[in-house]
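For reference, each letter of the sequence shown is one residue, going 1326 to 1701 in my numbering. Beta carbons are placed, not taken as given, at the ideal position from N, Cα and C, and that holds for glycine. These numbers were taken from a predicted model, which means no experiment stands behind them. Below you'll find the structure, written out as structure tokens, and then a few comments.
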Amino acid sequence: MKSVNKKIRTRGCENKTNHHSLTIISRHHGELARKIGEFFGKKGQETDIVFYSRLDDDDVYLIAIPVGYPDKLKSLLQALTISRTHVLIIKPDENMDALLGEMMISLASFIGTKRIIAIAGITPMNEYMVDDIVKRMNEMLSSISMQEKTGDIMVIRDMKKDMEKLKSEIMKNGIQDHDNQGPVKVLIDASFPVKGIGTVALGIVKRGSFQAGTMLELTDPVNKTRNVIIKSIQKHDVDCKAAFAGDRVGLAIKGIKADELSRDNMLVTKDTLVKALKVQISFTLNRFAKKTMNIADKQEYHVAIDHQVHPVTPISIKSTSEEGIMKPGEKANVTFSAKKAFWMDRDENWAVVTVLEKYQGRLRILGSGPATKAWE
1326 MKSVNKKIRT
1336 RGCENKTNHH
1346 SLTIISRHHG
1356 ELARKIGEFF
1366 GKKGQETDIV
1376 FYSRLDDDDV
1386 YLIAIPVGYP
1396 DKLKSLLQAL
1406 TISRTHVLII
1416 KPDENMDALL
1426 GEMMISLASF
1436 IGTKRIIAIA
1446 GITPMNEYMV
1456 DDIVKRMNEM
1466 LSSISMQEKT
1476 GDIMVIRDMK
1486 KDMEKLKSEI
1496 MKNGIQDHDN
1506 QGPVKVLIDA
1516 SFPVKGIGTV
1526 ALGIVKRGSF
1536 QAGTMLELTD
1546 PVNKTRNVII
1556 KSIQKHDVDC
1566 KAAFAGDRVG
1576 LAIKGIKADE
1586 LSRDNMLVTK
1596 DTLVKALKVQ
1606 ISFTLNRFAK
1616 KTMNIADKQE
1626 YHVAIDHQVH
1636 PVTPISIKST
1646 SEEGIMKPGE
1656 KANVTFSAKK
1666 AFWMDRDENW
1676 AVVTVLEKYQ
1686 GRLRILGSGP
1696 ATKAWE
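This is the structure:
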């Protein structure tokens, strides 16, 4: 009996390699997205991003739904950073508007991800529209060169019976290998004080592994970094000795107050990231953008790297037809000056360039590409 109880208490603590993380992109948070989340797991932390998770033998499912979107583009970008599979959910009578275009562009804005488009919410009243929406979506995918990157559009006619089709498609993504050997990087998505424990942070281990008692470095976009101690680790409501890449964790942290933490912060192995107030990004300005990017305008944009989303201004635009100006459809190396510091890997980073405003019927995602610190 004791051995059985011990197994139950440690279930979920092992190094699970079968992590299946997905972000649902949709304007239908209250119905379709929620039903999909409930199919895959139990509802957890709810802020502008709602999480569902489940431990299923050797498979771990984590679903992120950015309910703050479309008003908050930042919610969508941060949710997409978390996962390896991005699923766009639409209805047969979906409006073919600028918001749908933005959601499709968000689907194409990250590398190394599986992209799925599914039509759900089918009723006797709109079933006749399914074939037409599939045709129109394929035309849109072709127009933005995404057709080969998404595969066939999935049709979910029954939200109970056909959900296994979506699960099977996600499972085709295979066992998602994670880097347990590299330096630690934990993306924080929420924090709060707990009586008798202290500060608790919820987050995703993007890279590396660590044990309870480990000292990590807490990055900060404004102030100096500080060293903190991971007092304890929880996964799936179970106290664990260690955390591994791909895990969603609750961490009791010594050395920081809960109200001092935000998604701007990361927990990392000391001295493995570089601080950058100038960032160079190679990207193509979306051809649907309404205006050129011109350094003379001194317009403020926002750049997203990991969970960090900071205001920036372009100070150099190179490799375009006109120096200092980037037209829609053109590719360039753009150097941005940031108002708050980014903490970046020394070589491999991915950035999304945006206009971070409340949705007003126009495209806010301008492009994405590899990013590095712009050295002086």
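Checklist entry - How about N1611 and I1690: do their beta carbons lie closer than 8 Å? => result In contact: N1611 and I1690 (Cβ atoms closer than 8 Å).
Next on the checklist: Here's the rule: buried if 16 or more other CB atoms are within 10 angstroms of the residue's CB, otherwise exposed. What is M1421?
Outcome noted: Residue environment: M1421 is assigned as exposed (fewer than 16 neighbouring CB atoms within 10 Å of its CB, all protein chains considered).
Item to check | Beta-carbon proximity list for A1404, same chain, < 6 Å, skipping 5 on both sides | outcome: Contacts found: T1348, I1374, A1389, P1391.
Checklist entry - Between the C-alpha atoms of A1614 and K1603, what's the straight-line distance to the nearest angstrom? => result Our two residues, A1614 and K1603, have alpha carbons roughly 24 Å apart in a direct line.
Next on the checklist: Are the CB atoms of V1593 and K1510 within a distance shorter than 8 Å?
Outcome noted: In this structure, V1593 lies closer than 8 Å to K1510 by Cβ.
Checklist entry - In its own chain, which residues sit with a C-beta less than 6 Å from the C-beta of D1670, not counting the 5 before and 5 after it? => result Closer than 6 Å at Cβ, skipping near neighbours: no residue.
Checklist entry - By a C-beta neighbour count over all protein chains shown, 10 Å radius and 16 as the cutoff for buried, is P1518 buried or exposed? => result With fewer than 16 Cβ atoms within 10 Å of its Cβ, P1518 is classed as exposed.
Next on the checklist: Would F1667 and Q1624 be called neighbours here (beta carbons separated by less than 8 Å)?
Outcome noted: Contact flag unset, no.
Item to check | Own chain, CB closer than 6 Å to Q1445, minus 5 neighbours either side, in chain order | outcome: It is Ala, not Gln, that sits at residue 1445 in the sequence shown. Hits under 6 Å: L1357, I1414, I1481.
Item to check | Touch test, the segment 1481 to 1492 against the segment 1361 to 1381, Cβ-Cβ under 8 Å, three pairs minimum | outcome: Enough Cβ pairs lie closer than 8 Å, so yes.
Checklist entry - For L1610, which of helix, strand or coil comes out of DSSP? => result Reduced to three states, the DSSP call for L1610 is coil.
Next on the checklist: Quick check on the DSSP output: the beta strand (DSSP E) that includes S1693 runs from which residue to which?
Outcome noted: Per DSSP, S1693 belongs to the beta strand (DSSP E) from 1690 to 1698.
Next on the checklist: When you compare the CB positions of I1495 and I1407, do they come within less than 8 Å of one another, or not?
Outcome noted: Cβ atoms of I1495 and I1407: not closer than 8 Å.
Checklist entry - How far does the beta strand (DSSP E) with M1496 in it reach, from first residue to last? => result Run containing M1496: none in the beta strand (DSSP E); it sits in the alpha helix (DSSP H), 1488 to 1496.
Item to check | Cβ-Cβ separation, V1659 to I1578 (assumed contact under 8 Å), whole Å | outcome: I1578 to V1659, Cβ: 36 Å. No contact.
Item to check | For H1344, three-class secondary structure by DSSP | outcome: In the three-state scheme derived from DSSP, where H, G and I count as helix and E and B as strand, H1344 is classed as strand.
Next on the checklist: Pull the bridge partners of P1639 from the DSSP assignment, please.
Outcome noted: Answer is F1661, bridged to P1639.
Next on the checklist: Within a Cβ cutoff of 6 Å, which residues of the same chain sit near V1637, ignoring the five residues on either side of it in sequence?
Outcome noted: Contacts found: Y1626, V1628, F1661, A1663.
Item to check | Burial state of M1428, where buried means 16 or more other Cβ atoms lie within 10 Å | outcome: M1428 should be labelled buried.
Item to check | Where the alpha helix (DSSP H) through I1505 begins and ends | outcome: First, the amino acid is wrong: residue 1505 is Asn here, not Ile. Looking at the DSSP string, N1505 is not in any alpha helix (DSSP H), and its letter there is neither H nor E.
Next on the checklist: With H, G and I counted as helix, E and B as strand and the rest as coil, what does DSSP make of Q1633?
Outcome noted: Correct three-state label for Q1633: strand.
Checklist entry - Among residues of its own chain, excluding the 5 on either side of G1499, which ones have a beta-carbon nearer than 8 Å to its beta-carbon? => result At G1499, the pLDDT of 49 sits below 50, so the modelled position is not reliable; the number obtained from the coordinates is stated separately. Counting only Cβ-Cβ distances below 8 Å, and skipping sequence neighbours, we find nothing.
Next on the checklist: Once DSSP output is grouped into helix, strand and coil, what is the label at Y1684?
Outcome noted: DSSP places Y1684 in coil when its eight states are reduced to three.
Next on the checklist: Using C-beta distances below 7 Å, list every residue in its chain close to A1423, excluding the 5 sequence neighbours before and after it, in chain order.
Outcome noted: Here the set comprises G1686, R1687, L1688.
Next on the checklist: Excluding the 5 residues flanking E1655 on each side, which residues of the same chain have their C-beta closer than 8 Å to its C-beta?
Outcome noted: Cβ within range, chain order: T1609, L1610, T1645, S1646.
Checklist entry - Cα separation between G1692 and V1677? => result One alpha carbon belongs to G1692, the other to V1677, and they sit about 6 Å apart.
Item to check | Secondary structure, beta strand (DSSP E): runs of 3+ residues fully inside the segment 1550 to 1625 | outcome: With a minimum length of 3 residues, the continuous beta strand (DSSP E) runs that stay inside the segment 1550 to 1625 are 1551 to 1560, 1563 to 1565, 1573 to 1579, 1591 to 1593, 1599 to 1609.
Item to check | Close beta carbons around A1657, own chain, < 7 Å, minus the five adjacent residues each side | outcome: Closer than 7 Å at the Cβ level, and outside the excluded window around A1657, lie I1642, K1643, S1644, T1645, M1651.
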